[in-house]
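S.K.: Please read through the structure below; I'll follow up with questions.
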Amino acid sequence: MKIVHSWLTDLVPVGDDVEAIADAITHLGLAVEDVKHVGSTVPGVITARVLKTERHPDAAKVHRVFVDSGDGVERHVWCGAFNMQPGDIIPLATPGTVMPDGRAIEPKPILSIPSEGMLCSARELGLGDDHSGILILPEGTPLGVPYGDALGLGEEIVYDLDVLRNRPDAFGHIGVARDLAAHLGLALGGAPTALAPTSPAMSAPVEIIAGDRCPRFTTIVISNVSVTASPDWMARRLAAAGMRSINNIVDVSNYVMLETNQPNHAYDYHTLGGGGFRIRLAHEGETIVTLDDVERTLTSADLLICDATDRPIGLAAIMGGQNTEISSSTSVIALETAWFEPMGILRSVARMGVRSEASARFERGADPYGIDTSIARFVELLRITCPDLVVHDGMVDARSEAHLPGATRITVRSNRVSQLLGTAFTAEQISSLIEPIGFACQAHGDDLEVTVPSWRPDCTLEIDIVEEIARHFGYGKLGKTVPKSTQPGGLSPLQQRRRHLREVLLGLGISEAMPHPFLAAGDLERAGLAPEAVRLLNPLVVGDDVLRTSLRPGLLKAIEFNESHRRSGVALFEVGHVYPPSNDVLPAEYEALAIVLAGCDATAAMTIWRELVTAMGWGARVDQSNVPVGLHPTRSATLSAGKDVVGAVGEVHPDALDAYGIDERVAVLELNLSILLAAEPKIAQWKPTSRFPSSDFDLAFSVPDSVSAEKVEKAIRQGAGNGLVDLALFDVYRGKGTADGTRSLAYRLRLQAADRTLTDADVAQVRDKIIAGVAKLGASLR
Amino acid sequence: MIDDVRAAADAAVERLAAVATLAEARALETELLGKRGPFAEFKTQLGALATVEEKKAAGQALNEATQAVQSAVQSRAQELQRAERAVQLEAERIDLTEVLSKPGRGHAHIVTQAWQRLEDVFVGLGFQVAEGPEVETDWYNFEALNMPPDHPARSMHDTFYVDHGNPGSTVLRTHTSPVQIRVMQHIAPPIYMIMPGKVFRNETTDATHLAVFHQIEGLVIDRGITLADLAGTIEAFTKAFFGEGFSSRLRPSYFPFTEPSAEFDIRTPKGDWLELGGCGMVHPNVLRAGGLDPEEWSGFAFGFGIDRMAKERHAVGDVREMYTNDIRFIEQF
Numbered sequence: 001m002k003i004v005h006s007w008l009t010d011l012v013p014v015g016d017d018v019e020a021i022a023d024a025i026t027h028l029g030l031a032v033e034d035v036k037h038v039g040s041t042v043p044g045v046i047t048a049r050v051l052k053t054e055r056h057p058d059a060a061k062v063h064r065v066f067v068d069s070g071d072g073v074e075r076h077v078w079c080g081a082f083n084m085q086p087g088d089i090i091p092l093a094t095p096g097t098v099m100p101d102g103r104a105i106e107p108k109p110i111l112s113i114p115s116e117g118m119l120c121s122a123r124e125l126g127l128g129d130d131h132s133g134i135l136i137l138p139e140g141t142p143l144g145v146p147y148g149d150a151l152g153l154g155e156e157i158v159y160d161l162d163v164l165r166n167r168p169d170a171f172g173h174i175g176v177a178r179d180l181a182a183h184l185g186l187a188l189g190g191a192p193t194a195l196a197p198t199s200p201a202m203s204a205p206v207e208i209i210a211g212d213r214c215p216r217f218t219t220i221v222i223s224n225v226s227v228t229a230s231p232d233w234m235a236r237r238l239a240a241a242g243m244r245s246i247n248n249i250v251d252v253s254n255y256v257m258l259e260t261n262q263p264n265h266a267y268d269y270h271t272l273g274g275g276g277f278r279i280r281l282a283h284e285g286e287t288i289v290t291l292d293d294v295e296r297t298l299t300s301a302d303l304l305i306c307d308a309t310d311r312p313i314g315l316a317a318i319m320g321g322q323n324t325e326i327s328s329s330t331s332v333i334a335l336e337t338a339w340f341e342p343m344g345i346l347r348s349v350a351r352m353g354v355r356s357e358a359s360a361r362f363e364r365g366a367d368p369y370g371i372d373t374s375i376a377r378f379v380e381l382l383r384i385t386c387p388d389l390v391v392h393d394g395m396v397d398a399r400s401e402a403h404l405p406g407a408t409r410i411t412v413r414s415n416r417v418s419q420l421l422g423t424a425f426t427a428e429q430i431s432s433l434i435e436p437i438g439f440a441c442q443a444h445g446d447d448l449e450v451t452v453p454s455w456r457p458d459c460t461l462e463i464d465i466v467e468e469i470a471r472h473f474g475y476g477k478l479g480k481t482v483p484k485s486t487q488p489g490g491l492s493p494l495q496q497r498r499r500h501l502r503e504v505l506l507g508l509g510i511s512e513a514m515p516h517p518f519l520a521a522g523d524l525e526r527a528g529l530a531p532e533a534v535r536l537l538n539p540l541v542v543g544d545d546v547l548r549t550s551l552r553p554g555l556l557k558a559i560e561f562n563e564s565h566r567r568s569g570v571a572l573f574e575v576g577h578v579y580p581p582s583n584d585v586l587p588a589e590y591e592a593l594a595i596v597l598a599g600c601d602a603t604a605a606m607t608i609w610r611e612l613v614t615a616m617g618w619g620a621r622v623d624q625s626n627v628p629v630g631l632h633p634t635r636s637a638t639l640s641a642g643k644d645v646v647g648a649v650g651e652v653h654p655d656a657l658d659a660y661g662i663d664e665r666v667a668v669l670e671l672n673l674s675i676l677l678a679a680e681p682k683i684a685q686w687k688p689t690s691r692f693p694s695s696d697f698d699l700a701f702s703v704p705d706s707v708s709a710e711k712v713e714k715a716i717r718q719g720a721g722n723g724l725v726d727l728a729l730f731d732v733y734r735g736k737g738t739a740d741g742t743r744s745l746a747y748r749l750r751l752q753a754a755d756r757t758l759t760d761a762d763v764a765q766v767r768d769k770i771i772a773g774v775a776k777l778g779a780s781l782r
Numbered sequence: 001m002i003d004d005v006r007a008a009a010d011a012a013v014e015r016l017a018a019v020a021t022l023a024e025a026r027a028l029e030t031e032l033l034g035k036r037g038p039f040a041e042f043k044t045q046l047g048a049l050a051t052v053e054e055k056k057a058a059g060q061a062l063n064e065a066t067q068a069v070q071s072a073v074q075s076r077a078q079e080l081q082r083a084e085r086a087v088q089l090e091a092e093r094i095d096l097t098e099v100l101s102k103p104g105r106g107h108a109h110i111v112t113q114a115w116q117r118l119e120d121v122f123v124g125l126g127f128q129v130a131e132g133p134e135v136e137t138d139w140y141n142f143e144a145l146n147m148p149p150d151h152p153a154r155s156m157h158d159t160f161y162v163d164h165g166n167p168g169s170t171v172l173r174t175h176t177s178p179v180q181i182r183v184m185q186h187i188a189p190p191i192y193m194i195m196p197g198k199v200f201r202n203e204t205t206d207a208t209h210l211a212v213f214h215q216i217e218g219l220v221i222d223r224g225i226t227l228a229d230l231a232g233t234i235e236a237f238t239k240a241f242f243g244e245g246f247s248s249r250l251r252p253s254y255f256p257f258t259e260p261s262a263e264f265d266i267r268t269p270k271g272d273w274l275e276l277g278g279c280g281m282v283h284p285n286v287l288r289a290g291g292l293d294p295e296e297w298s299g300f301a302f303g304f305g306i307d308r309m310a311k312e313r314h315a316v317g318d319v320r321e322m323y324t325n326d327i328r329f330i331e332q333f
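These protein sequence lines are chains A and B, in that order. So for the first sequence, this note's numbering puts the first residue at 1; every next one is plus one. So for the second sequence, this note's numbering puts the first residue at 1; every next one is plus one.
Right, dumping it as structure tokens:
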């Protein structure tokens, strides 16, 4: 909402300290986002008449314009715009002028012919965006005067307010003025002189069909008006507030709306069929051409204003129709000032996608009882340009009383106010804070009965009044205390484990990525994953509507991105939510971890998994017979714990790599953190370290490919018994010297007893037992 | 004989001074002081001397000579050892800046870093941390937060709707506030809780706006909580997180789920005010939706963006950069 400083000072004498006023408005909850100075003029730009224009044979893009700036001297100016005719009055920037963009006007010659200034477009003068040609000033404009005087320009200061939903009244200057007046202890002005209708009576009768949607509709007929231009100050304020000046009647209508927050509409009485109004719901499919020249098709939930012959003449509360517009020949007007039920308007606006200054006010809630004041203000302002206007007896005030909001009365308990604000206000103190903004208070002991002003429909509960009290007392004066929690702060065990997990991953050299949770159609399939997913109904980017069921596609995209920027071998992880479909109230959302290691094979992922097993106290079966979808069929395994699948480990399927345009192998580890982090981890228990010497020896086995190293390791551990303190696979070899379908697995073992030094015989015995055990798997010692 | 002994000792010391390596020194030690060395030889000759006095004098001289040689051996050996270590140390000299590049530690995402810093500060102020689902029901995201269907404030939220259940029943949470309701339903007051998480807004992204971003929300519910408690908690947070030189203020605002509502701004040591987030006293309707009696319990809530904390700490020019997953970005922090 744009609040014009000069307008505001008409309503309340706030003075001219713009910064202090802006600060006060902000601290009343109407955040001033910007203060602008608009309509300032450029010194040195004067009015001049075009005498003649002339082409120069050697200049294609510019022509010569000869002008007279009132002193009878013919001046010559080069100009690149061709829209002017001899006789037109135009703004001339004389040499020495500094334009708003900082450009200084110099007598710069073209083809050795000097230019005595520059002709200006509207944009060059900061008067809007029009740069299609030189600004042509109205006929009859005096010559040689500052163009600003000719246009009635003058500087206005504008506060740009962020008015929130709870302050519909602040969409009018009077609402802001009222708040300031109360805050600064000033008197609020702006009350118009009372209407004095005279005979003969002239009426525009009203028939309300849809009373629930239109509880109040008033009309008044005003004759002997003439359509002219508005006074400069009014046009200037309207422009500063963001509205274009049209003519005196339309301008007054808009001015009243911006001041009182009450939209209204002036009809040409003579074009009003039957001389009256019917307010009804539209028929399904009925159409109307609105003022913006758009034909709109309506539903039976849209409210229409029709003339007495039932011809639609306006979309109620939103926009007028073309057929009853004020024209230059209008001499009698019917002024509509009404109140519409907000929710109905909100729905129509949302459905049609059309918003107007009027609808924005009605949907937030105008003042159903401010109508009379706004009519009086309309007449008062129109009388400035139409001093002989006649306001006719016969005003119509059609109401559907049952649907018109009544007065809201709220009991406010002083002790409740104190409880919430940490204050000790008496009933009188409370009254003194909110009565100046229109809340009538009646004390009953410590409690107050507060009558909410009709322009504050947002206030319906005691807590709403508490906010008004706090607002006008000043939030800053309430003090700052820190409540003491009686419980210790801290992360939950799960959250601590998640932190630990991140630290371990970072220590392993893996960096954290954060891809988007939305995928494009086809992303899952390209990764070889099942296409079933929950979709967005209204994605931001068409097609990016898939809620991920796996973190893998996002990380594959990240690898592809980095590869394409010559960063191969990236190691990334993500901790994030995935949202598989479910028949439950919500999708089967859970927290997942995915790690991708570009340029690494599956064993790298297994190394990470083993590290996590020991770091996090996790455990799972590595089931290579159960290949997770989208992963390399001979290099991947499901991680299962009991009946739960807790993850997948291995390598991304080459088909998926191709589909994502990735050149490297990608090792992958995916875990369900909702399961793994929830479980209480096994705490490592101390095993005493033996003080006796240990014995090391190596064993290399020739093992068929069908037998997993895990099985060999298990057999070694079984054979070795308690004396085995270290076991490491240190070499895997396939090739010369190994039989087809076998590989060599070489292990280093360390034996140690807790209570004695092992003898050679002890070691030999264990060694034989291990070899015998491993042999049962079909492996032999090499 | 005494003279011979002394001469032999002098000769030995002279030879020791001439050896160049520790090994030579040890060899010479064996030669001189060993069983076949000159001093052993002198010892065998002692018995042949005539008188006790002579024996005593010669013996003393021999002892002195042997000790002198032993001490000369030791000091020469030490000297040589030191010299050899010095040579070794010099030979081992390396240029410590001559380091081959190897993959190093991983880098945590800057949003995670900011998230954890915020958590840590609030934990220090006595808060615990709660989490909730990112896909939410309309009830938790709006209705329970005093935004019934058709509430105009819903239009401020640019909601992503999810095709799940009845049309319009499921959304991507537009704020972390639904977690407030879940917390109230599951935890009996007093509640001192923060709720960080991902949130979603269906709005076009630019250098300062994202459709997917992160918020942190705070909720305090206890007996007798006031607006002054909110202001004090915001102030304590501001000083703990940004530093002692910072301060904070509240100014009136509007949110459907709090009343009185406020925006909170922080003041930098330079005196500039920055808008940080929204807050307010928990609306009685919200307390009721969470199953609490607003006459018995009162509380406040506050919330702000995490991404902006990361962006401003590291002076990232465009928030979208934080989500490109470009390793060249990630590795900077």
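The beta carbon of each residue, even a glycine, is placed where N, CA and C say it ideally should be.
Would you check if the segment 603-613 of chain A and the segment 181-189 of chain B touch, i.e. whether three or more CB-CB distances between them fall below 8 Å?
M.R.: As far as the Cβ criterion goes, the segment 181-189 of chain B does not touch the segment 603-613 of chain A, which means the pair count is below three.
S.K.: For the alpha helix (DSSP H) holding A/F378, just list the boundary residues, first then last.
M.R.: Taking the first sequence and counting its residues from 1, the one referred to as residue 378 of chain A is at position 378. Element bounds for A/F378: I371 to T385.
S.K.: How big is the Cα-Cα spacing for A/T373 and A/A191?
M.R.: Mapped onto the first sequence, residue 373 of chain A falls at position 373. Mapped onto the first sequence, residue 191 of chain A falls at position 191. Going from the Cα of A/T373 to the Cα of A/A191 covers about 8 Å.
S.K.: Among A/I157, A/S640, A/R351 and A/I371, which has the Cα closest to the Cα of A/G15?
M.R.: For this step, residue 15 of chain A is matched to residue 15 along the first sequence. Considering only alpha carbons, the answer is A/I157.
S.K.: Does the segment 314-334 of chain A come close enough to the segment 181-199 of chain A to have 3 or more Cβ pairs within less than 8 Å?
M.R.: Output reads no: the segment 181-199 of chain A does not touch the segment 314-334 of chain A.
S.K.: Against chain B, which members of the segment 574-589 of chain A pass a CB distance test of less than 7 Å?
M.R.: If the cut-off is 7 Å between Cβ atoms, the segment 574-589 of chain A has H577, Y579, V585, L586, P587 and E589 near chain B.
S.K.: Could you tell me how far apart the beta carbons of B/R76 and B/A17 are, in whole angstroms, since I believe they sit closer than 8 Å?
M.R.: In the second sequence, counting from the first residue as 1, residue 76 of chain B sits at position 76. In the second sequence, counting from the first residue as 1, residue 17 of chain B sits at position 17. 7 Å between Cβ atoms; contact.
S.K.: Tell me which residues share the same chain as A/I675 and place their Cβ nearer than 7 Å to its Cβ, disregarding the 5 neighbours each side in the sequence.
M.R.: Looking up residue 675 of chain A in the first sequence gives position 675. Correct list, in chain order: D644 and V646.
S.K.: Verify the CB distance criterion: does B/I330 have a CB-CB separation below 7 Å to chain A?
M.R.: Counting from 1 along the second sequence, the entry for residue 330 of chain B is found at position 330. With 7 Å as the cut-off, B/I330 counts as an interface residue toward chain A.
S.K.: Report the CB separation of A/Q419 from B/G224 in whole angstroms; it is logged as a contact under 8 Å.
M.R.: Within the first sequence, the letter at position 419 stands for residue 419 of chain A. Within the second sequence, the letter at position 224 stands for residue 224 of chain B. Between B/G224 and A/Q419 the Cβ distance is about 7 Å, and since that is below 8 Å, they are a contact.
S.K.: Considering only the alpha carbon of each residue, which of A/D458, A/V227 and A/W339 lies closest to A/S327?
M.R.: For the purposes of this step, residue 327 of chain A is taken as residue 327 along the first sequence, with counting starting at 1. Cα-wise, what sits closest to A/S327 is A/V227.
S.K.: Determine the DSSP secondary structure at B/Q332, reduced to helix, strand or coil.
M.R.: As a first step, residue 332 of chain B is located in the second sequence; it is residue number 332 there, counting from the start. B/Q332 falls in the coil class under three-state DSSP.
S.K.: Per DSSP, what are the beta-bridge partners of B/M193 in this structure?
M.R.: As a first step, residue 193 of chain B must be located in the second sequence, where it is residue number 193. According to DSSP, B/M193 bridges with B/Q128 and B/L219.
S.K.: Name, please, each residue of chain B whose Cβ falls closer than 7 Å to the Cβ of A/I463.
M.R.: Locating residue 463 of chain A in the first sequence gives position 463, where the first residue counts as 1. Going along chain B in sequence order, the residues near A/I463 (Cβ under 7 Å) are E259, H283 and P284.
S.K.: What does DSSP give as the partner residues of A/R748 in its beta bridges?
M.R.: The residue you call residue 748 of chain A lines up with position 748 of the first sequence. Answer by DSSP bridge pairing, in chain order: A/D698 and A/A728.
S.K.: Where does the unbroken beta strand (DSSP E) through B/M281 begin, and where does it stop?
M.R.: To locate residue 281 of chain B, count along the second sequence from 1; it is residue 281. From DSSP, the beta strand (DSSP E) with B/M281 extends over W273 to V282.
S.K.: Any beta carbon of chain B sitting closer than 7 Å to that of A/E155?
M.R.: On the first sequence, residue 155 of chain A is found 155 positions in, with the first residue counted as 1. No, because no Cβ of chain B sits closer than 7 Å to the Cβ of A/E155.
S.K.: Check whether the Cβ atoms of B/N325 and A/P515 sit closer than 7 Å, and answer yes or no.
M.R.: On the second sequence, position 325 is the one that residue 325 of chain B refers to. On the first sequence, position 515 is the one that residue 515 of chain A refers to. Yes, Cβ-Cβ distance for B/N325 and A/P515 is below 7 Å.
S.K.: In angstroms, rounded to a whole number, what distance separates the CA positions of B/T226 and B/M281?
M.R.: Here residue 226 of chain B is taken as the residue at index 226 of the second sequence, counted from 1. Here residue 281 of chain B is taken as the residue at index 281 of the second sequence, counted from 1. Each residue's alpha carbon lies about 8 Å from the other.
S.K.: Given that A/A785 touches chain B, what residues does it touch there, using C-beta distances under 8 Å?
M.R.: The requested residue 785 of chain A does not occur in the structure, where chain A is confined to residues 1 to 782.
S.K.: Using the three-state DSSP reduction, which class does A/S674 fall into: helix, strand or coil?
M.R.: Residue 674 of chain A sits at position 674 when you count from the first residue of the first sequence. It is helical.
S.K.: For B/L250, collect the residues of the same chain with a Cβ closer than 6 Å to its Cβ; drop the 5 residues on either side in sequence, then sort them by chain order.
M.R.: Residue 250 of chain B sits at position 250 when you count from the first residue of the second sequence. If we look at B/L250 and ignore the five residues flanking it on each side, its Cβ neighbours are A231, A262 and F264.
S.K.: Just to confirm, are A/I345 and A/E357 a CB contact at a threshold of 7 Å?
M.R.: Against the first sequence, residue 345 of chain A aligns to sequence position 345. Against the first sequence, residue 357 of chain A aligns to sequence position 357. Result no, Cβ atoms of A/I345 and A/E357 do not sit closer than 7 Å.
S.K.: Which of the three DSSP states is assigned to A/A598 in this structure?
M.R.: If you number the first sequence from 1, residue 598 of chain A lands on position 598. A/A598 falls in the strand class under three-state DSSP.
S.K.: Find out if the Cβ-Cβ distance for the pair A/L335, A/V252 is shorter than 7 Å.
M.R.: In the first sequence, counting from the first residue as 1, residue 335 of chain A sits at position 335. In the first sequence, counting from the first residue as 1, residue 252 of chain A sits at position 252. Cβ distance not < 7 Å, so A/L335 and A/V252 don't count as in contact.
S.K.: Evaluate A/A210 with the Cβ neighbour count: other Cβ atoms within 10 Å of its Cβ, from every protein chain shown; 16 or more gives buried, anything less gives exposed.
M.R.: Looking up residue 210 of chain A in the first sequence gives position 210. Buried.
S.K.: Hey, does B/L145 have any beta-carbon neighbour from chain A nearer than 7 Å?
M.R.: For this step, residue 145 of chain B is matched to residue 145 along the second sequence. Closer than 7 Å: no.
S.K.: As a quick exercise: from A/G476, A/V712 and A/D179, pick the residue whose alpha carbon is nearest that of A/L727.
M.R.: By one-based count along the first sequence, residue 727 of chain A stands at place 727. Closest option to A/L727, Cα to Cα, is A/V712.
S.K.: By the criterion of Cβ-Cβ separation under 8 Å, what are the contact partners of A/G507 in chain B?
M.R.: Here the question's residue 507 of chain A lines up with position 507 in the first sequence. The answer, in chain order, is R105 and G106.
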